[in-house]
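The structure appears right after this line, and notes come after that.
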Amino acid sequence: MGAIEAPDLSYAALAPLLFVFGAACTGVLVEAFVPRAVRHPVQVAIALVGTIGALVATLLLAGTEEITAAGALAVDGPALFLQGTIAVLGALSVLLFSERALDPARSAFVAAAAVPAGSVRDRELATSERVQTEIYPLATFAIGGMMLFTAANDLLIMFVALEVLSLPLYLLCGLARRRRLLSQEAAVKYFLLGAFASAFFLYGLALVYGATGSVRLSDVRVAVVTEGGSALMVLGLGLLVVGLMFKASVAPFHSWTPDVYQGAPTAVTAFMAAATKVAAFGAVLRLLYVAFGTADWTWRPLIYALAIVSMVVGAVLGLTQTDVKRMLAYSSIAHAGFLLTGVIGLGPDGTGYGLAATMFYLLAYGLTTLGAFGLLTLVRDGDGEATHLSQWAGLAQRSPLVAALMSFFLLALAGIPLTSGFTGKFAVFRAAIEVGAWPLVVTALVASAIAAFFYLRVIVLMYFSDPAPDGPTVGVPGLPTTIVLAVTAAATLVLGVLPGSVLDLAEAAAVFVG
Amino acid sequence: MSDVPWLVLMIAVPAVGAAVVAALPAAREALARQLALAVSLLVLLLAVLTTIAFDPGGDRFQLTTAVAWIPDFGVEFALGVDGIALSMLLLIGVLVPVVVGASWRDTPMPRPGRPARSMTAFWAWLLLLESLMVGVFAATDVFLFYVFFEAMLVPMYFLIGSFGGPNRQYAAVKFFLYSLLGGLVMLASVIGLYVVSNSQLGEGTFAFDALRQLEIDPNVQKLLFAGFFLAFAIKAPLVPFHTWLPDSGAEAPIGGAVLLVGVLDKVGTFGFLRYCLPLFPDASRDLAPWVLVLAVAGIIYAALLAVGQSDMKRLVSYTSIAHFGFIALGIFAFTTEAATGAVLYMVNHGIATGLLFIVVGMVIARGGSRQIRDYGGLAAKAPLLAGVFLLAGLASLALPGTNSFVSEFLVLIGAFPTRPVFTIIATVGIVLAALYVLLMYQRVMHGPPRGVLLVDEDDAGDGETLRPASGTGGATAVLEAPARARVLAVRDLSRREIAVVTPLVALILVLGVYPQPLIDLVSPAVEATMTDIGVDPGGSTPAAPGSTGTGGTD
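Protein chains in written order, with the numbering used here: chain A, 1 to 514; chain B, 1001 to 1554.
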């Protein structure tokens, strides 16, 4: 047994990850050493430097294709594109977190999460102006984990990244300042089910290792080609997919999504809905295309069925929702199904537009959904955000701008032309039809039409109903939320009207190494 | 003059106008509607200039513009018109200023206890709708067509939902969902076409001219045809995809309703002609009998339902469904005469039904009720109103001498040689048309004075006060015996209203007597379409039955 060799790291290729993890570690130190008075601006600045730095690094690295860290990490087109996407969504989420103008207590996060809900101390904290700053390092760690997830070229690293991104998210979900019980319930539910899903993933990992003798994706691929699919491997693949689909909130592994989306602080929900989905699909794409791309007979029927179930469940159950956050949660489940339609679009010889289309869809959907959740933070009543549908009645008369923006985001989610949602849908559907999956596409189109009903219902309420006398007020957002809304709305429009350059970028990036 | 980008201007001018109007403060309503009128008149001018620049004997598509839009999908921003599209652009150009005039004094539905809403948004949506309608007819790229087709829903949705009648929310959502479902199924076919073009031409394209050259397997054709057909059958509404139209037509504000049945729904029949037939000729031929069954069933069924309607706007909507059956019959009969008749029908129906909707709207503006039973004996007090109502009704039932006669006759004589059975059944629809139009006219305009416009003689002194209807309860007023003499308080057409109806009245008469210019404009395009599906266009253009005499020759 020889000495353990230190793996050869390519620091340049890892720069995006180093930026984010560096910012996260610095954030922890800031929490310990910087006086409370200045902690908030310092933490926000560090988190923004970390995420924006990572974004710049991914842009500078564009075109890189290498495998580093002894084969554990792949820095290639899809990894960089998705890392850049996560960095953008992460930076915007950090801005949403840092909004201080909306809540009367100047932050949407509870100052001390461990205090029992409903106790005297808890009521004091609800109105205290003490501000929670640990969310920034937590969120930065989660962003780092997500970026690592998309670059993991090794099932073990993938598992580690899964945990790094999940654990901070569980915590973040429990930090809502208002409706503490709901928030704590969300955190516990997410944690328990998430731990369960991680166990599935780990078990699948063990089985695949048992079948192939390696956790490296490229070795798995070789084993799949030479040995074909043994029962062990098929079972392992199934369990791995279950673990990943849970994170991507694909039905039937979606049951946590509405509860957690509803209970978590809205800014955190926005972050989860946008960035976690990107990361989870990044891992799904890499696992299926790189490790099992040659054995598509094993996963294709599975993904095909999951896509149909997810689209139908998301669209149909979304119809019955009365809470805007839950409605957007079901919309997110339906969109996961549309994304799987793109995943199907991988040609038999590894060609096809599926990869590029799915990546574009992730970027477009992430930005739109982030903007939609960001808008939710503006509509408030005395008890925090007013998310019940009935409270949105007649919003257009109180605040035409908010109603118009919300309608625009909803039309984008519904996939109306001239919005990014349409371009994304067109791209994934084209990829799927090209490999002959037209029944799937027809299902997707019908699901889109069903889902359009609940998006429209909100527009109907906002524009065509009379406002309730004691309806919610529309807060005036501070600079951070304004920036988020402006960026997401502009992106939704530009990706709908002139998507050419971003599509080119996705197309150019759509080559896996390893 | 042909190097001026007329079509781009026709799209851009109303779009810019919409943006400017939308940016006006809500209090500047008067300025908003003046701007809307100015912009719509400018578009009419552009439409006329476009027609002058168009050479009927030249290429099939003229005034073309093409700019790469999304190169990754092979999408071009490609515009161009043939005679059929151009006639629709002219119709848009005429109808929108008329609609602006007809809606001049409209106000949104009053809501108890709340201040009246501003109409500024109405004018902005109207102009945006005009821009998108021009786009949908002028697009020669299938993807671009689809984009306009779907985007067009949004302004119409807000026109119905914000400015419609009491049941407007339901109608607006129903309209949107029906159209969206059709559109999405069409999207599957659009992508399918792209994939076929990708495999046959080596690179994917959406250009109409390239797609027309494809040799598609007949079975694939049927699937793709089904996607397009469903979208267009919902849009144009053919029975059984029609149930959204009576709701939307009844709840939409009058201006919206005119554009909805006058232009928007024509996208469906236009789509049959432009996309279904040339792109999928084999499927069209194979499936034509089924389409004809739907068309003829619609003619009879919708006409019967129209006879039974008590709501005037719903009645007019049902008459439109019957008329769309005639248009579909003309298109799927596969003869040049019938198809020419169908295209003329599209234009004439827009004018005649548009006028009928506008006049019905004027009656409703006076009485505040849409129910036929709330009116009676108006003709004695408002002879001009009654006269225009009668003319619009007669044009709608295709009386010889009116424009609709020419087109309906062409459809029927054109379809008879190839589809005698269907044509004979369809002819029954003409009789039913006389029934529903004349019954409505008789009940509203003649008979003893009755209904919501009755006032006590004392009040009748100042003719300006008009009593609004209190819901549908107006009818019961008749039953309670009046203690004093009661008279109708109804004004005849105002000068604004005369100005609104005059252009349409003139067009009905002129196109009824001398439709030849319109036939000359559309027949090359119709012949080209017939060549696409392998039907011999038969050389000569049919002479219009009305063009030989002064109309009413039979």
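Glycine included, every Cβ here is placed at the ideal spot set by N, Cα and C. What you are looking at is a predicted structure, and each value in this text was computed from that prediction instead of being measured.
Inclusion of Leu-445/A and Ala-432/A in the CB contact set at 8 Å is not warranted, their separation being larger than that value.
Following the DSSP letters along the chain, one finds Asp-1532/B inside the alpha helix (DSSP H) bounded by residues 1516-1532. Secondary structure of Glu-385/A (DSSP, three-state): strand.
For Gly-1080/B, no alpha helix (DSSP H) run applies; the uninterrupted beta strand (DSSP E) run containing it begins and ends at 1075-1081, by DSSP. Between Phe-426/A and Ile-1191/B, the alpha-carbon positions lie close to 8 Å from each other. Taking a C-beta distance under 8 Å as the contact criterion, Gly-77/A and Ala-508/A qualify as a contact pair.
Residue contact with chain A for Asp-1141/B: absent (no Cβ-Cβ distance below 8 Å to any residue of chain A).
Spatial neighbours of Leu-1412/B in its own chain (CB-CB distance under 6 Å, excluding positions within 5 residues in sequence) are listed in chain order as Thr-1423.
Around the CB of Ile-4/A, fewer than 16 other CB atoms lie within 10 Å, so the residue is classed as exposed.
In the three-state reduction of the DSSP assignment, Ala-152/A falls in the strand class.
With a 10 Å radius around the Cβ and a threshold of 16 neighbouring Cβ atoms, Val-458/A comes out buried. Shown here, Phe-454/A sits in a helix according to DSSP, grouped into three states.
In this structure, Ala-283/A lies near Met-158/A, with their beta-carbon atoms less than 8 Å apart. Looking at the backbone, the Cα of Gly-500/A and that of Ser-1197/B are separated by about 20 Å. Contact between the segment 389-398 of chain A and the segment 1020-1038 of chain B is absent: fewer than 3 CB-CB pairs across the two stretches fall below 8 Å.
Against Ile-433/A, the close residues of chain B are Ile-1191, Gly-1192 and Val-1195, in the order they occur along the chain (beta-carbon pairs closer than 7 Å). Straight-line measurement puts the Cα of Leu-1454/B at about 30 Å from the Cα of Ile-1160/B. Against Asp-1106/B, chain A offers no close residue; the least beta-carbon distance is about 17 Å (beta-carbon pairs closer than 9 Å).
When secondary structure is reduced to three states using DSSP, Trp-1069/B falls in the strand class. Taking 8 Å as the threshold, the shortest C-beta distance from Ala-1172/B to chain A falls below it. Residue range 354-376 is occupied by the alpha helix (DSSP H) that includes Thr-358/A, with no beta strand (DSSP E) assigned at that position. At a cut-off of 8 Å between beta-carbon atoms, Tyr-455/A makes no contact with chain B. Neighbourhood of Leu-445/A in chain B, by CB distance below 7 Å: Leu-1184, Val-1185, Leu-1187 and Ala-1188, in chain order. Remark: fewer than three beta-carbon pairs, one from each stretch, lie closer than 8 Å, so the segment 88-99 of chain A and the segment 6-18 of chain A are not flagged as touching. For Ile-67/A, the enclosing beta strand (DSSP E) starts and ends at 66-68. Not one beta carbon of chain A lies nearer than 8 Å to the beta carbon of Ile-1216/B.
Close CB contacts of Met-311/A within its chain, under the 7 Å cut and outside five residues either way in sequence, are with Ala-334, Gly-337, Phe-338, Thr-443, Ala-444 and Ala-447 (chain order). Three or more beta-carbon pairs separated by less than 8 Å are not found between the segment 469-488 of chain A and the segment 1208-1224 of chain B, which leaves the two stretches without contact.
Within chain B, the residues Leu-1184 have their CB atoms less than 7 Å from the CB of Ser-448/A, given in chain order. Contact annotation, Leu-1344/B with Ser-1248/B: C-beta distance approximately 25 Å; criterion of less than 8 Å not satisfied. Straight across, the Cα-Cα distance linking Ala-1328/B with Val-1291/B is about 8 Å.
Take Val-115/A, set aside five residues on each side of it, and the residues of its chain with a beta-carbon closer than 7 Å to its own are Arg-121, Asp-122 and Leu-125, in chain order.
Contact between the segment 1018-1031 of chain B and the segment 1121-1135 of chain B is present: 3 or more CB-CB pairs across the two stretches fall below 8 Å.
At a cut-off of 8 Å between beta carbons, Phe-429/A contacts chain B.
A distance of 8 Å or more separates the beta carbons of Val-1048/B and Gln-1062/B.
At least one beta carbon of chain B lies nearer than 8 Å to the beta carbon of Val-442/A.
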